[in-house]
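Structure first, commentary second.
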Amino acid sequence: MITRRDFTLTDTHNEQNQVVTYSIVIGRVSTEDDDRILETLESLHHQEENPSLEILLADRINDHVSQLVKSDYPSTKIIECSPDTDLPTMRTLAAKQASGDFVLVTEDHCVPPRDWLKQFARAFAEHPEASAIGGSVVNGVTDTGLDWATFLCEYAPMSPPIESGPTPNLAGMNVAYRREIFKEVDEQVLTSGFWETTLHPLLHKRGHILIADDNVRIYHCKKFSLGLFLRQRFVYSRYYAGIRFAPEQKVMRVIYAMASVVLPPLLTFRFFKNARHKASVRSHLAEAAPYLVLFYLVWGVGEAWGYLFGPRDALQEIE
């Protein structure tokens with residue numbers, strides 16, 4: 001949990017006429033552990049080597065924490081969004097206002113280490129050909145087996161170590177793009193889904209170089225209740241399956257819905273097969289396993305539901 005203290009920092013990075021190097025885009029959507037964003041901002045205001053940065057926070061919560069951000073971090077540009085605005089749209093709204101050479105995306109419950117921007121600078125210097133660079137994701141909430149299970153269910157493939165080098169797959173909350181790439185991408189692509197499944201494949205298809213770098217790390221620090229995570233797992237699975245086929249492709253939807261019955265055992269097999277290669281994951285398997293089995297069952301049900309009934313408002317419900 002966050003240890004409360006007074007946040008009285010004022011951003012001195014962006015003086016008038018100063019060129020901005022990094023634009024950090026964050027969507028504020030968390031309904032639990034919702035003040036974790038203060039830790040995120042605290043770290044960003046204390047990055048090593050005092051880099052030039054701006055923070056663009058798209059906020060659909062608009063509550064007392066929003067007021068804390070406004071008072072304690074007045075240089076943070078808050079983009080107020082309606083409660084039903086989906087996260088990809090929020091990120092797109094923020095990215096359109098970015099002025100930095102690099103646009104970095106993270107989430108309102110991710111806390112970067114103090115060398116986060118320094119590591120991105122090093123990575124882009126080592127890979128000048130890269131249009132985007134992404135890093136690994138470290139579990140920052142480790143109190144219980146549930147904490148480990150919620151992290152591993154989503155981010156086990158991105159937990160360190162990851163293989164550094166060219167890749168079509170980058171973590172969506174620990175990634176930096178050269179700002180000029182957004183000039184060639186239609187806004188509909190950016191708002192149609194999460195960028196790891198819309199923007200990244202498009203860039204890869206167009207010949208852009210995407211680089212994974214294991215030394216660029218961020219801490220995933222959201223403490224879920226069991227109920228919220230089950231709802232989120234179902235909603236995301238419904239969204240994913242719901243957009244795979246057009247509404248008129250009813251036969252394919254039924255076939256894939258029926259095939260979803262094999263998804264829970266398949267996911268379980270894949271997870272434990274891959275987990276053996278990561279020591280940090282192996283050591284927590286026993287405490288996380290009962291929850292993971294439950295999560296994979298909900299995952300399968302969510303996909304079957306999405307194939308049969310479509311995504312509906314699932315994208316707007318994802319946090």
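UniProt numbering puts the first residue of the sequence shown at 1, with every later residue one more than the last.
Ideal placement from N, C-alpha and C gives every residue a C-beta, glycine not left out.
- Per DSSP, the unbroken alpha helix (DSSP H) holding H200 starts and ends at L199 to K205.
- Across the structure, H109 and V281 are spaced so that their CA atoms are roughly 21 angstroms apart.
- When DSSP states are grouped into helix, strand and coil, F102 belongs to the strand group.
- For G310, the three-state secondary structure derived from DSSP is coil.
- T197 and M173 have their alpha carbons spaced roughly 13 angstroms apart.
- Rounded to the nearest angstrom, the gap between the Cα atoms of A171 and V251 is 33 angstroms.
- Partner residues in the beta bridge of N139, as assigned by DSSP, are H220.
- For the 9 angstroms CB-CB criterion, A314 and Y239 form a contact.
- Rounded to the nearest whole angstrom, the C-alpha separation of I211 and G165 is 5 angstroms.
- About 6 angstroms separates the CB atoms of R28 and L57; that is less than 8 angstroms, so the two are in contact.
- Taking every protein chain shown into account, the CB of K222 has 16 or more other CB atoms within 10 angstroms, so this residue is buried.
- In its chain, beyond the 5 residues on either side, S52 have a beta carbon closer than 7 angstroms to the beta carbon of V19.
- Membership of E80 in the beta strand (DSSP E) is indicated by the continuous run K77 to E80.
- Sorting W305, E48 and A246 by C-alpha distance to the C-alpha of A259 places W305 at the top.
- Between V137 and V25, the gap from beta carbon to beta carbon reaches 9 angstroms or more.
- With a cutoff of 9 angstroms on beta-carbon distance, G302 and S237 are scored as near each other.
- In the DSSP secondary-structure assignment, G165 is bridged to A212.
- V175 sits in a strand when the DSSP states are folded into three classes.
- Bridge pairing for L53: Y22 [DSSP].
- Per DSSP, reduced to three states, the secondary structure at E107 is strand.
- Secondary structure of R238 (DSSP, three-state): helix.
- Per DSSP, reduced to three states, the secondary structure at G27 is strand.
- Our two residues, N274 and L266, have alpha carbons roughly 12 angstroms apart in a direct line.
- In chain order, V20, S23 and E54 place their CB closer than 7 angstroms to the CB of S99, counting only its own chain and leaving out the 5 sequence neighbours on each side.
- In this structure the segment 199-214 lies against the segment 113-128, because at least three pairs of beta carbons, one per stretch, are closer than 8 angstroms.
- Inter-residue distance for G145 and R244 is about 33 angstroms (C-alpha atoms, whole angstroms).
- Restricting attention to A94, R179 and M158, the CA atom closest to the CA of I79 is found in A94.
- R206 and V65 have their C-alpha atoms spaced approximately 40 angstroms apart.
- Spanning the alpha carbons of K183 and S283 requires a straight line of approximately 44 angstroms.
- Put simply, the backbone Cα of P168 is about 30 angstroms away from that of L308.
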